[in-house]
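Encoded as C-alpha cells, the structure appears first; notes follow it.
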Amino acid sequence: MSGDAVEILVSSGPGEARYLVLADGRPLDLIIDRRCLLTDCVFRGRVAAIDKGLDAAFVELGQGERQGFLPGAKALGLSEGACVVVRVRADARGGKGPLLAAHQGFGPVGEAPALLHRPDPLARLQAAFPQARMVPNAHHEVDEALDAALDPVVPLPGGGRLVIEQAAALTAIDVDSAGTRPAEANGAAVAEIARQLRLRGIGGQVVVDFVSGRDRKPLYRLAEALKQAVSADPTPTHVFGVSPLGLVELTRERRGPSLGELLCRRSLAATPETLALAALRRLLAEALATPGRIPALRAAPSVAAVLTGLGPERAEAERLLGHPLSIREDAARAPEDILIEDATR
Numbered sequence: 001m002s003g004d005a006v007e008i009l010v011s012s013g014p015g016e017a018r019y020l021v022l023a024d025g026r027p028l029d030l031i032i033d034r035r036c037l038l039t040d041c042v043f044r045g046r047v048a049a050i051d052k053g054l055d056a057a058f059v060e061l062g063q064g065e066r067q068g069f070l071p072g073a074k075a076l077g078l079s080e081g082a083c084v085v086v087r088v089r090a091d092a093r094g095g096k097g098p099l100l101a102a103h104q105g106f107g108p109v110g111e112a113p114a115l116l117h118r119p120d121p122l123a124r125l126q127a128a129f130p131q132a133r134m135v136p137n138a139h140h141e142v143d144e145a146l147d148a149a150l151d152p153v154v155p156l157p158g159g160g161r162l163v164i165e166q167a168a169a170l171t172a173i174d175v176d177s178a179g180t181r182p183a184e185a186n187g188a189a190v191a192e193i194a195r196q197l198r199l200r201g202i203g204g205q206v207v208v209d210f211v212s213g214r215d216r217k218p219l220y221r222l223a224e225a226l227k228q229a230v231s232a233d234p235t236p237t238h239v240f241g242v243s244p245l246g247l248v249e250l251t252r253e254r255r256g257p258s259l260g261e262l263l264c265r266r267s268l269a270a271t272p273e274t275l276a277l278a279a280l281r282r283l284l285a286e287a288l289a290t291p292g293r294i295p296a297l298r299a300a301p302s303v304a305a306v307l308t309g310l311g312p313e314r315a316e317a318e319r320l321l322g323h324p325l326s327i328r329e330d331a332a333r334a335p336e337d338i339l340i341e342d343a344t345r
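Under our numbering, the first residue of the sequence shown carries the number 1, and numbering increases by one thereafter.
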C-alpha cells in the first residue's frame, strides 16, 4: 500500500459520518460512523445475569434493552451485579446482543453502566494511511461509491462479473464468465473478491463458486491465489480450501454489520434511519445553496418518526440552519419520497 496514492474522502452530516478510502483511485475502504455502532467502544458494564451452561455473562451497557454477551465468566470471576470493563468485539446482529471481551486499562470502580471510550474512525484511518490526502465534503463521490458497494453485481476487468448475495447464514459469491474464457474470469475474480469483502465489510462464512469444469485442479490454485489476495486485509480472513461441492470456502471475522446490513433492509430497500439521515444531509445542502430560505421536511410516518427521534442529530441540523426544523408527517408518501419544502407553507 505504501506505493499507492491514497485519498480519504469525507462526507459528514447530522448523525452520520462516511469515509471512503481510495487507493490509486479505486475504493478500498468504506466506513460508516453512527452513534448506534459500538464496535471497539469500551464500557464499564454491570453483570445482569450469569449463564453457567454457556460460561458467559450478560452485561448491561446502558445502550437500550439489549445486553452484551461476555464469554468466560468463570475465569473472570464474575457474579451478578458486579462491574466489569469490556470492549465491544462485534455489534449486535440478528437478535443477538453485542459480543464483548474483557478490557484492561480502565478501573472497574465507578458509575456503571457507562461509556468510557468511543473510537474515532477518521483518526484510525489517518494512522493507517499517514500520507493520505484528505478530501472534505465529498458527498457525491461517497454516494456513488456506496451505491456501487450495495449493487450485487460487480463487473470484472476484461468481461465477466461477480454476483454477491448476502443471507443470514453466509455470503455466496458467483463468478460468471459472461462469454469470456473461464480462466480469465476466474483470475480477475480473485483480486476483486478480496477487494469487495473488505469494501463491503462482509463477515462470517463466505462461499465462492468459480467457473469450473470436471478438472478440480484449477480450483485449488484459485483457493491459494485467494488466500494470498486476502492476506493484506486488516480483518482476519481465512481460506479453508475447496468443498466437496467444488466451492471455495472462507471466513472473515465479523466486526459489525456489513454495509448492506447497516444501510438496507433484506430487500435492499434503505432503512428509515438511512433515509432520515440522507434527508438531513440534502436539506442542509439545499439550505446552504439558498440562503434565507427556511426549509421543512415532509416524509412518510416511518421516516418522520425517526427524524423526530434523532435528538442530537436534529439539534445539530438546527444549529447549522439557525432555526428550528419542521418535520411533517405525510401518510400518502412512500418512505424514500422525502420532500424539502418551505416551512411557511
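Where a beta carbon is used, it is the ideal one built from N, C-alpha and C, also for glycine.
ask   = DSSP on Thr171, reduced to helix/strand/coil?
value = Start at 1 with the first residue of the sequence shown, and residue 171 comes out as number 171. DSSP places Thr171 in strand when its eight states are reduced to three.
request  = Mind the definition here: the segment 17 to 34 touches the segment 103 to 113 only if three or more C-beta pairs lie below 8 Å; say whether that holds.
outcome  = With the cut-off at 8 Å, the segment 17 to 34 and the segment 103 to 113 do not touch.
ask   = What's the gap between the Cα of Leu123 and the Cα of Gly77?
value = Your numbering for residue 123 matches position 123 in the sequence shown. Your numbering for residue 77 matches position 77 in the sequence shown. Leu is not the amino acid found at residue 123; the sequence shown has Ala there. Roughly 35 Å separates the two Cα atoms.
task = Reducing DSSP to helix, strand and coil, say where Thr344 ends up.
result = Here residue 344 corresponds to residue number 344 of the sequence shown, with the count starting at 1. In this structure, Thr344 counts as coil in the three-state DSSP scheme.
inquiry  = In the DSSP output, which residue or residues are listed as bridge partners for Thr235?
reply    = Against the sequence shown, residue 235 aligns to sequence position 235. Paired residues: none, contrary to the question.
task = With DSSP collapsed to three states, give me the class of Ala90.
result = Within the sequence shown, residue 90 is the residue found at index 90, counting from 1. Residue state, collapsed to three classes: strand.
CA-to-CA distance, Gln126 to Pro119, given in whole angstroms = Here residue 119 is taken as the residue at index 119 of the sequence shown, counted from 1. Here residue 126 is taken as the residue at index 126 of the sequence shown, counted from 1. So the two alpha carbons sit approximately 13 Å from each other.
inquiry  = Please state whether the Cβ-Cβ distance between Val59 and Val84 is less than 8 Å.
reply    = Here residue 59 refers to the residue found at position 59 when the sequence shown is read from its first residue. Here residue 84 refers to the residue found at position 84 when the sequence shown is read from its first residue. Their beta carbons are under 8 Å apart, which means Val59 touches Val84 by this criterion.
ask   = Where does Asp91 land, buried or exposed, given buried means 16+ other C-beta within 10 angstroms?
value = Here residue 91 refers to the residue found at position 91 when the sequence shown is read from its first residue. By the 10 Å Cβ count, Asp91 comes out buried.
ask   = Which residues bound the beta strand (DSSP E) around His103?
value = For the purposes of this step, residue 103 is taken as residue 103 along the sequence shown, with counting starting at 1. Taken as a continuous stretch (DSSP letters only), His103 belongs to no beta strand (DSSP E), as it is neither H nor E.
query = What is the rounded straight-line gap between the Cα of Arg282 and the Cα of Ala17?
reply = Here residue 282 is taken as the residue at index 282 of the sequence shown, counted from 1. Here residue 17 is taken as the residue at index 17 of the sequence shown, counted from 1. Approximately 14 Å, taken between the alpha carbons.
Under the three-state DSSP convention, the category Leu78 falls into = Here residue 78 refers to the residue found at position 78 when the sequence shown is read from its first residue. It is coil, neither helix nor strand.
ask   = Exposed or buried, what is Gln137 when buried is set at 16 or more other beta-carbons lying within 10 Å of its beta-carbon?
value = Within the sequence shown, the letter at position 137 stands for residue 137. Residue 137 is actually Asn in this sequence, not Gln. The Cβ neighbour count for Asn137, taken over all protein chains shown within 10 Å, is under 16; the residue is labelled exposed.
task = Label Leu376 either buried or exposed according to how many other C-beta atoms from any shown protein chain fall within 10 Å of its C-beta, with 16 as the threshold for buried.
result = One cannot answer for residue 376 here, as it falls past the ends of the chain, which runs 1 to 345.
ask   = Is there contact here, the segment 155 to 168 with the segment 186 to 194, by at least three beta-carbon pairs under 8 Å?
value = Yes: at least three Cβ pairs fall under 8 Å.
According to DSSP, residues forming a beta bridge with Arg328 = Looking up residue 328 in the sequence shown gives position 328. Secondary-structure assignment with DSSP links Arg328 through a beta bridge to Arg298.
request  = Classify Thr251 as helix, strand or coil using the three-state DSSP reduction.
outcome  = Indexing the sequence shown from 1 puts residue 251 at position 251. In the structure shown, Thr251 adopts extended strand secondary structure according to DSSP, grouped into three states.
ask   = So His323 is in the beta strand (DSSP E); what residue range does that whole segment cover?
value = For the purposes of this step, residue 323 is identified with residue 323 of the sequence shown, where counting begins at 1. Here His323 belongs to no beta strand (DSSP E), and DSSP marks it neither H nor E.
request  = For my contact list, Leu321 and Ala276 are in at a C-beta cut-off of 8 Å; report their separation, rounded to the angstrom.
outcome  = Here residue 321 refers to the residue found at position 321 when the sequence shown is read from its first residue. Here residue 276 refers to the residue found at position 276 when the sequence shown is read from its first residue. Incorrect: roughly 16 Å between the Cβ atoms, too far for contact.
request  = Would you kindly check if the distance between the Cβ of Gly72 and the Cβ of Pro98 is under 8 Å?
outcome  = Indexing the sequence shown from 1 puts residue 98 at position 98. Indexing the sequence shown from 1 puts residue 72 at position 72. Against a cut-off of 8 Å, the Cβ pair of Gly72 and Pro98 comes out as no contact.
message = Checking 8 Å against the spacing of the C-beta atoms, do Leu170 and Cys264 come in under that value?
response = The residue labelled residue 170 in the question sits at position 170 within the sequence shown. The residue labelled residue 264 in the question sits at position 264 within the sequence shown. No, the Cβ-Cβ distance between Leu170 and Cys264 is not below 8 Å.
request  = Go through its chain and collect everything with a Cβ distance to Thr274's Cβ below 6 Å, but skip five positions before and after it.
outcome  = The residue labelled residue 274 in the question sits at position 274 within the sequence shown. If the five residues before and after Thr274 are omitted, its C-beta is found closer than 6 Å to the C-beta atoms of Leu263, all from its own chain and listed in chain order.
inquiry  = Please classify Glu7 as buried or exposed, where buried requires at least 16 other C-beta atoms within 10 Å of its C-beta.
reply    = For the purposes of this step, residue 7 is taken as residue 7 along the sequence shown, with counting starting at 1. Glu7 is buried by the Cβ-count criterion.
message = Quick check on Thr237: buried or exposed, where buried means 16 or more other Cβ atoms within 10 Å of its Cβ?
response = Against the sequence shown, residue 237 aligns to sequence position 237. By the 10 Å Cβ count, Thr237 comes out buried.
request  = Take the Cβ of Phe240 as the centre, count every other Cβ of all protein chains shown within 10 Å, and call the residue buried at 16 or more, exposed below.
outcome  = Position 240 of the sequence shown, counted from the first residue, corresponds to residue 240. Residue environment: Phe240 is assigned as exposed (fewer than 16 neighbouring CB atoms within 10 Å of its CB, all protein chains considered).
query = Any idea what DSSP makes of Lys96, helix, strand or coil?
reply = For the purposes of this step, residue 96 is identified with residue 96 of the sequence shown, where counting begins at 1. Residue state, collapsed to three classes: strand.
ask   = Going by DSSP, which residues form a beta bridge with Tyr19?
value = Indexing the sequence shown from 1 puts residue 19 at position 19. Residue pairing by DSSP places Tyr19 opposite Val10, Ile31 in a beta bridge.
ask   = What does a CB cutoff of less than 7 Å around Lys74 pick up in its chain, not counting 5 residues either side in sequence?
value = On the sequence shown, residue 74 is found 74 positions in, with the first residue counted as 1. Around Lys74: Asp55.
message = With the cut-off set at 8 Å, would you say Pro324 and Val303 are in Cβ contact?
response = Sequence index remark: in the sequence shown, residue 324 carries index 324 (1-based). Sequence index remark: in the sequence shown, residue 303 carries index 303 (1-based). If you check the CB distance, Pro324 and Val303 do not come in under 8 Å.
ask   = If you check the beta carbons only, do Ser258 and Gln166 fall under 8 Å apart?
value = To locate residue 258, count along the sequence shown from 1; it is residue 258. To locate residue 166, count along the sequence shown from 1; it is residue 166. Result yes, Cβ atoms of Ser258 and Gln166 sit closer than 8 Å.
inquiry  = Can you tell me where the alpha helix (DSSP H) holding Ala334 begins and where it ends?
reply    = Numbered from 1 along the sequence shown, position 334 holds the residue referred to as residue 334. Where Ala334 is concerned, there is no enclosing alpha helix (DSSP H), given that its DSSP letter is neither H nor E.
query = Which term fits Arg319, buried or exposed, when burial requires 16 or more other beta carbons within 10 angstroms of its beta carbon?
reply = Within the sequence shown, residue 319 is the residue found at index 319, counting from 1. By the neighbour-count definition (other C-beta atoms within 10 Å, threshold 16), Arg319 is an exposed residue.
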